[in-house]
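A short worksheet on the structure shown next.
Residue numbers (the working numbering), protein chains in the order written: chain L, 16 to 513; chain C, 6 to 311.
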C-alpha cells in the first residue's frame with residue numbers, strides 16, 4: 016500500500032471509518048476530491064480535518080447547526096486531544112450496584128422514564144454521548160437490578176448508537192470482506208472470508224505468476240485478492256462480461272501504482288476475439304511450418320500445444336483446394352495485427368511457402384457447406400474488429416499472457432460456470448489449478464459430473480463447502496455467536512493435467 | 006522449488022505423485038535415498054500400480070503422466086497444500102482449511118516478516134513462506150531440538166531461503182532481541198500461547214501488526230484473549246473453520262415393488278432409479294481442529310493497555 020506507508024491520510028485514499036464496532040470503507044474526498052461528508056446512519060460527519068493526519072487517529076464529533084431541514088444530524092470531526100480517553104462506561108459501571116439475576120425485571124416497556132423526544136432534545140443540544148448514556152441510566156428503573164454482564168451489554172448497545180468518537184484506520188483485505196459481509200454478503204456473491212481464503216490457497220499464488228479470473232457480480236473481489244498476494248512481477252487478467260470491469264474492491268485496497276499496473280482487465284468480447292485470433296494463428300503457423308518466434312522465447316510446452324490444437328482443427332476440416340484462399344484470409348489478418356503485436360513475424364517468403372504447402376495437401380474429404388460458413392465467420396470477425404478497436408498494448412499483453420498459459424483460473428460469476436470453464440481451460444498450464452465458486456451447490460455438481468464424463472484434462476477434482484463459526488470469548492461468557500452466516504458458498508477445485 | 010513455477014522435473018526436485026484422492030505421495034527426485042534403517046538404497050517407490058524409479062522422472066513435464074509398471078499416475082508440481090497432504094508427521098499438523106484462514110487473518114503479503122512458533126512438522130511454514138515470498142521472511146521457532154533440525158533441512162531441500170528455523174523456547178526466552186519491532190505478524194501454536202503474547206508485542210513493528218493463535222482448547226483461548234485485551238490488542242476475534250468435502254457420483258436405488266408384475270424382468274432401468282448423489286466424501290469428518298484467535302495491535306502511539 017502506497018499511502019499507508021507514510022501513514023498519513025490523504026485525499027483519494029480508501030479509509031476504514033470505525034464508530035465503536037461499526038465499520039465502513041470510505042473513498043476519502045470522493046471522486047472530485049473535495050467531498051469529505053461521511054454518512055453514518057442518521058449522522059453526517061464532515062471529515063476535512065482528517066487530511067494529512069496519521070492513520071489510527073481518533074476524532075471527536077461535534078454537532079453542527081443544521082443548514083437545511085433534514086432528518087440527518089450534522090457533525091464535524093475534530094482530532095481528539097491525546098489525553099482524552101475515548102472509552103465510556105467503565106467508570107460508570109464501577110459505581111453501580113448490580114443484581115444477581117433477572118427475577119425482579121419486568122418487561123412492561125416502562126423501565127425508561129425518558130421519552131424519545133427527551134433523548135432527541137438531549138442530542139440536539141449537543142450533549143456528549145457519556146452524558147446521554149448517564150441520563151439514560153439514571154432514568155432507567157431497572158438498570159441497577161440488571162446483572163453486571165447485562166449492564167455491560169446494555170452500555171455496549173447504547174455506545175453503538177451514541178458513541179461520539181470515530182477512528183480512521185487503513186483498509187485491508189480482511190477488513191474489506193468483514194465489513195462487506197456484515198452489511199450485505201450478496202455484494203460478493205456470498206463469498207465468506209473462509210471460502211475466499213480457501214480459494215487463494217488453492218490458487219497457489221507464486222511470484223511472477225499470471226492468473227486469469229472471470230468475474231461477474233463480486234466487485235472485483237477475486238482480482239483484488241490475487242493482487243494482494245502477488246508480487247510486482249505477476250499479472251491478474253480479469254475477464255468481465257460487460258464493457259467495463261467491476262473493480263471497486265481492487266480500488267479500495269489502496270494498491271501501489273506498480274501493483275495496479277499488473278491488473279489487466281478485458282471484456283469477454285475482446286477476449287474471445289483474441290482467443291480466436293490466437294487459435295487461427297496456431298493453425299496457420301502449423302500450416303506454414305513456421306516455427307513461431309514469440310516474445311518470451313517459446314517454451315516446448317507452447318509448441319506442443321500448438322501442434323495438438325492444429326491436429327484437432329485439421330481433424331475437423333481437412334484442407335481442400337478451395338480452402339487455400341480461405342486460409343490466407345486469417346493469415347493476412349494475423350500478419351497485420353496479432354502476430355506483429357506478439358513480436359512474431361511471418362515473412363513474405365513464408366507466406367508463399369504456405370500457399371505451396373496448402374496446394375500440395377491431399378484432398379481427402381470436403382464439406383463445402385461447412386467450410387463456407389467458416390469462411391464467412393472469419394470475414395465477419397475482421398469486420399467486427401475494424402469497427403471495435405482494442406487497445407493494442409493491452410491486446411499484446413493479453414496475448415502474451417495466454418500464449419505463455421496462465422498459472423491459475425478462477426471463476427466467480429452469476430452465470431453458469433460450465434461454458435466459461437470450457438472456454439478458458441485450454442489457456443491454463445499443466446499442474447495448475449482451476450477454481451470455481453458458486454453460491455449454489457447444483458451447478459458445481461453438474462460441472463463435477465461433466466468433468467468426469469467429458470475428457471477435460473483435469474485431476475484432483477474436489478467439491479467442498481466451508482463452515483465458519485465465530486465465538487464470543489469473555490470471562491465466564493464464552494459461547495458461539497448467536498447468529499452466523501448459514502453458508503459461505505461452494506468451491507470446485509481441480510488441477511489441470513496434460 | 007517451492008518458490009517459483011517450473012515446467013520440467015529436474016534432479017533434486019520434490020515431486021508429487023498423484024494416483025487417487027487418497028494416494029498422493031511426495032517423492033524426492035534423486036538416485037538414492039535412506040531407507041528406514043538409515044542405509045542408502047536405490048530410490049524406487051512402490052505403489053499399488055507397480056514400481057517407479059523416481060530418478061526417471063527427470064525431464065518429465067509437470068502435470069503429465071508417469072508410467073508405473075502396472076499403470077500410471079500424474080506427476081504434479083508441489084504446492085504447500087500437496088505438501089501438507091503428504092508430509093512426514095512429526096507432530097499434529099495444521100491442515101489446509103485452517104492454514105488458509107490463518108494466512109488471511111494474519112494479513113500477510115509479499116515482503117512481510119512473520120514469526121511462527123512452534124514449527125512442528127513445517128506444514129504452516131510452507132504456506133507462510135509462499136505468502137511472504139523471497140522478499141519477506143519467516144522466522145520459525147520450536148522448543149524441540151530434533152524437530153527444529155529436521156525442519157531446517159527440509160526448508161533447505163525445498164529451496165525456501167526465506168525461512169529461518171531455530172531451536173528456542175519462546176515462552177521462556179522470547180523471540181530474540183534482534184527481532185524487536187521487526188515483524189508484521191506473529192503466529193502462535195503453543196501449549197501456553199498466552200505466555201508468549203508479551204513477546205509478540207515486543208517483536209511487532211511500532212506501527213502495529215497482526216497476531217494469530219491456534220489452540221484446540223477453549224481454556225487456552227480464554228487465557229489468550231485475556232492477555233491480548235490487557236496488552237492493548239483490538240479486533241480480538243475467535244473462529245473455528247471446518248471444511249466439508251463431497252463425493253459426487255451416479256448412484257441408483259431399487260424401486261419399491263408392490264407385487265404387481267410387469268414384464269420388465271430384464272430391463273434394469275425400470276426397476277432402478279439412477280441419480281447423481283452428493284454425499285460426504287468420508288463417513289466421518291473432522292468435527293473440531295482448533296480455535297483461531299486473531300487480533301490487531303494498533304500503532305504504538307495509540308495503544309491503550311490496562
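Glycine is no exception: its CB is placed at the ideal position from the N, C-alpha and C atoms. Fair warning: this is a prediction, and the values are worked out from it, not measured in the lab.
- When DSSP states are grouped into helix, strand and coil, residue 190(C) belongs to the strand group.
- The secondary-structure analysis by DSSP pairs residue 56(C) across a beta bridge with 51(C).
- Residue nearest to residue 282(C) within the set 184(L), 252(L) and 463(L) is 463(L) (criterion: CA-CA distance).
- DSSP lists 75(L) as the bridge partner or partners of residue 93(L).
- Residue 38(L): member of the beta strand (DSSP E) spanning 37-42, first to last residue.
- For residue 200(L), none of the residues of chain C pass the 7 Å Cβ criterion, the least Cβ distance being about 16 Å.
- The beta carbon of residue 301(C) is closer than 7 Å to those of 213, 215, 238, 239 and 240 in its chain, skipping five residues each way along the sequence.
- In this structure, 121(C) is the residue among 136(C), 121(C), 125(C) and 167(C) with its C-alpha nearest to the C-alpha of residue 145(C).
- Three or more Cβ pairs closer than 8 Å define a contact, and the segment 66-84 of chain C falls short of that threshold against the segment 180-188 of chain L.
- Close partners of residue 191(L) in chain C (Cβ separation under 7 Å) are lacking, with about 11 Å as the shortest Cβ gap.
- The beta carbons of residue 218(C) and residue 198(C) sit closer together than 8 Å.
- Excluding sequence positions up to five before and after residue 465(L), its CB lies within less than 7 Å of the CB of 433, all in the same chain and listed in chain order.
- For the segment 468-483 of chain L, the set of residues with a beta-carbon nearer than 7 Å to any beta-carbon of chain C comprises 474, 475, 477, 478, 479, 480, 481, 482 and 483, in chain order.
- As the crow flies, the alpha-carbon of residue 142(C) is around 28 Å from that of residue 450(L).
- In this structure, the beta-carbon distance from residue 255(L) to residue 231(L) falls below 8 Å.
- Close to residue 10(C), with beta-carbon spacing below 7 Å, are these residues of chain L in chain order: 221, 224 and 422.
- Contact of residue 191(C) with chain L is not assigned, every C-beta pair being separated by 8 Å or more.
- Looking at the backbone, the Cα of residue 477(L) and that of residue 225(C) are separated by about 34 Å.
- 208(L) is the residue among 260(L), 285(L) and 208(L) whose C-alpha sits nearest the C-alpha of residue 481(L).
- Listed along the chain, the chain L residues whose CB falls inside 8 Å of the CB of residue 108(C) are 212, 215 and 216.
- At least one C-beta of chain C is nearer than 8 Å to the C-beta of residue 22(L).
- If you look at residue 300(C), you'll find it in the beta strand (DSSP E) that goes 296-302.
- Membership of residue 149(L) in the alpha helix (DSSP H) is indicated by the continuous run 144-153.
- For residue 220(C), the three-state secondary structure derived from DSSP is strand.
- Here DSSP, grouped into helix, strand and coil, assigns residue 255(L) to strand.
- In the same chain as residue 505(L), and ignoring 5 residues on each side of it, the C-beta atoms closer than 6 Å to its own belong to 453, 456, 459 and 480, in chain order.
- By the criterion of a C-beta distance shorter than 8 Å, residue 64(L) is surrounded in its chain by 74, 91, 92, 93 and 94, once the five residues flanking it on both sides are discounted.
- Counted as a single uninterrupted DSSP element, the beta strand (DSSP E) harbouring residue 246(C) occupies residues 239-259.
- With the criterion set as a beta carbon lying under 9 Å from some beta carbon of chain C, the members of the segment 175-189 of chain L are 182, 184, 187, 188 and 189, in sequence order.
- With its beta carbon less than 8 Å from one in chain L, residue 227(C) belongs to the interface.
- Of the residues 439(L), 501(L) and 39(L), the one whose Cα lies closest to the Cα of residue 192(L) is 39(L).
- Within the segment 85-143 of chain C, complete alpha helix (DSSP H) segments of at least 4 residues are found at 85-91, 101-110 and 128-137, given in chain order.
- Residue pairing from DSSP places residue 66(C) in a beta bridge opposite 13(C).
- Here residue 132(L) carries a helix assignment [DSSP, helix/strand/coil].
- The residue from 172(C), 19(C), 253(C) and 39(C) with its alpha-carbon nearest to that of residue 284(C) is 253(C).
- A residue is called buried once 16 or more other Cβ atoms fall within 10 Å of its Cβ, and residue 48(L), having fewer, is exposed.
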